[in-house]
Structure formats: structure tokens, C-alpha cells
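In what follows, a single structure is set out as C-alpha cells and then discussed.
Residue numbers (this note's numbering): 1352 to 1453.
Here it is in C-alpha cells:
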């Protein structure tokens, strides 16, 4: 099987996940905002999202270049494991925060 198939499948899964998460996160973040402030709140949310993505790319690239093997796979493995660990910690925390706020 061609490596391109793995890339396409991965991007399709990521796109689906982003669509589900971003729309839900935007709804949750803006539910208590007055309609006159909705534009500003949406802009702040978008700015935070972009800054977070930029920091994630910068840190991931730094880690990957630090642990550079012959093909860079060692650094990629560390980045993916750290991302999985952050996600594994973040899901229960987010679930708990949602229960506390309700």
C-alpha cells in the first residue's frame, strides 16, 4: 500500500475531528456571551486557537530536530507520544471541568 494512502486517511480523520471539535468548542465558548459581544468573543477564540496551533508546531518541530535520527523518526515518535499523553490527560480534565461548571 502506498504511503500516500496513510497520509490521506490521517488527514481525513484529522479533518473530521477538527470539524466536530471546533464547532462544539465554539458553541460552548460563545453560549454565555451577549450578542453584541459575540464578534469580539469569536475573534478572541480564533486568536487563541491559532496561537495554540502555532506553538504546537514550533515545539513539535524543535523536539523533532533535537532527536534527529537518520530519517527523523525518533523525534517524530517522541512528538506523537507527547501529543497522545497530553490528549489523554486533557480529556478527563475537560470532562471534569464541564461537570463542575454545570
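For every residue, glycine included, the Cβ atom is placed at its ideal position computed from N, Cα and C.
Q.
Short of 6 Å in beta carbon distance, which residues of its chain neighbour residue 1392, apart from the five on each side in sequence? Order them along the chain.
A. As a first step, residue 1392 is located in the chain shown; it is residue number 41 there, counting from the start. Hits under 6 Å: 1381, 1384.
Which parts of the segment 1352-1434 are runs of the alpha helix (DSSP H), unbroken and 4 residues or longer, counting only runs that do not cross its ends? 1354-1381, 1389-1417
Confirm, please, whether the CB-CB distance from residue 1411 to residue 1430 is below 7 Å. Along the chain shown, one-based indexing puts residue 1430 at 79. Along the chain shown, one-based indexing puts residue 1411 at 60. Yes, the pair counts as a contact, with Cβ atoms nearer than the cut-off.
Inter-residue spacing [alpha-carbon to alpha-carbon] between residue 1416 and residue 1426: In the chain shown, residue 1416 corresponds to position 65, counting from 1. In the chain shown, residue 1426 corresponds to position 75, counting from 1. Between residue 1416 and residue 1426, the C-alpha separation is close to 7 Å.
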